[in-house]
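Numbering (this note's numbering), first residue to last: 114 to 414. First comes the structure, then the notes that go with it.
As structure tokens, this is what we get:
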């Protein structure tokens with residue numbers, strides 16, 4: 114393709130549509146670099162020794178690559194009062210996986226009922242359900258703690274201060290957004306499929322299992338990526354519900370990386386990178402499926 118176009122005896126370096134494409138790509142590259150700069154700083158600073166870390170050399174590559182910061186961030190240094198993130202990392206895994214799966218399933222069932230089995234009052238129930246998305250979380254922290262303190266836990270007096278309690282919180286507060294996504298997704302599925310299954314004698318959950326659920330993969334991809342990221346990155350609920358360091362997720366555990374006497378920024382950056390690694394991996398490997406799910410209509414309506 115030539116880069117020059119002749120118009121009335123004059124040569125134009127780029128046609129108008131090419132300038133638009135160049136401007137679009139330049140904008141995308143700019144924002145991509147803007148978002149990748151923090152990741153660059155995390156990795157570069159985490160690979161430096163403590164002596165190399167300074168504001169003047171913040172952007173410089175490490176003189177010698179060292180993984181001591183990552184080792185210290187993961188295992189900690191008890192003599193220096195630094196807690197490792199290993200336990201907190203697995204706490205986040207135990208928190209995020211069930212909270213994501215359960216909230217996705219409940220949202221899928223809710224969306225199915227609200228679109229294919231409408232009942233009297235469903236048009237009122239759905240807006241009330243969405244109302245939970247617009248309540249500032251800071252305003253319900255005290256009532257939340259009081260409620261969790263009165264619910265018996267498994268192997269504990271209450272759900273407060275435990276990972277199961279935090280799972281319960283994220284399931285409850287994840288239901289509005291998951292219901293919204295699946296409701297809009299199922300609204301695009303023809304009602305004739307449900308009617309045909311109903312004529313064949315399928316039950317309400319039989320229709321969901323054999324008709325709707327197999328068609329729900331794009332919706333589940335969007336919901337699970339959304340919920341995984343939200344739950345993993347949560348700090349407010351985590352620091353409020355889990356006071357014991359042994360049961361805190363990794364976002365709260367990052368606060369404990371600071372030593373008693375001095376802050377080692379290379380260790381802090383290594384810990385922050387470890388905390389961000391799962392969500393980065395999810396978007397790197399599943400990002401294209403996320404976009405396919407969006408294009409399939411999971412956020413339409």
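Glycine included, C-beta positions come from ideal geometry on N, C-alpha and C.
Assignment of residue 332 by DSSP, reduced to helix, strand and coil, places it in the helix class.
Fewer than three Cβ pairs drawn from the region 332–352 and the region 150–165 lie within less than 8 Å of each other, which leaves the two stretches out of contact.
A Cβ-Cβ separation of about 4 Å places residue 201 in contact with residue 363 under the 8 Å criterion. A straight line joining the alpha-carbon of residue 183 with that of residue 167 spans about 18 Å. Straight through space, the alpha carbons of residue 322 and residue 299 are spaced by roughly 14 Å. Fewer than three Cβ pairs drawn from the region 379–397 and the region 226–240 lie within less than 8 Å of each other, which leaves the two stretches out of contact. Given a length threshold of 4 residues, each whole run of the alpha helix (DSSP H) inside the region 171–212 is given here in chain order: 181–188. Going by C-alpha positions, residue 287 is about 19 Å away from residue 355. The region 182–196 and the region 365–384 touch, with three or more beta-carbon pairs separated by less than 8 Å. When secondary structure is reduced to three states using DSSP, residue 225 falls in the helix class. Runs of beta strand (DSSP E) with 3 or more residues, each lying fully within the region 263–339, are absent. Contact between residue 338 and residue 399 is confirmed by a C-beta separation of about 6 Å, below the 8 Å threshold.
For residue 358, the three-state secondary structure derived from DSSP is helix. When the five nearest sequence neighbours on each side are left out, the beta carbons in the same chain lying within less than 7 Å of the beta carbon of residue 176 are those of 165, in order along the chain. For residue 265, the CB contacts under 7 Å within the same chain, skipping 5 residues up- and downstream, are 271 in chain order. A distance of 7 Å or more separates the beta carbons of residue 396 and residue 334.
Counting along the chain, no alpha helix (DSSP H) covers residue 248, and no H or E run does either.
In the three-state scheme derived from DSSP, where H, G and I count as helix and E and B as strand, residue 237 is classed as helix.
Counting only residues of its own chain and dropping the five nearest sequence neighbours on each side, residue 280 has a CB closer than 7 Å to the CB of 208, 211, 212. Residue 198 is positioned such that its CB atom lies no closer than 7 Å to that of residue 353. The criterion of a C-beta distance shorter than 7 Å is not satisfied by residue 242 and residue 291. Apart from the 5 residues on each side of it in sequence, residue 155 sits with its Cβ closer than 6 Å to the Cβ of 382, 385, 386 in its chain, given in chain order.
Nearest to residue 305 by C-alpha distance, out of 229, 275, 245, is 229. A Cβ-Cβ separation of about 6 Å places residue 328 in contact with residue 302 under the 8 Å criterion. Each residue's CA atom was taken as its position, placing residue 358 and residue 348 some 14 Å apart. Here residue 275 really is in contact with residue 360; their C-beta atoms are around 6 Å apart, less than 8 Å.
Annotation for residue 282: 257, 261, 350, 354 place their beta carbon closer than 8 Å to its own, counting only its chain and skipping 5 residues before and after. Excluding residues up to 5 positions away in sequence, nothing lies with its Cβ nearer than 7 Å to the Cβ of residue 268 in the same chain. A direct Cα-Cα distance of roughly 24 Å separates residue 219 from residue 309.
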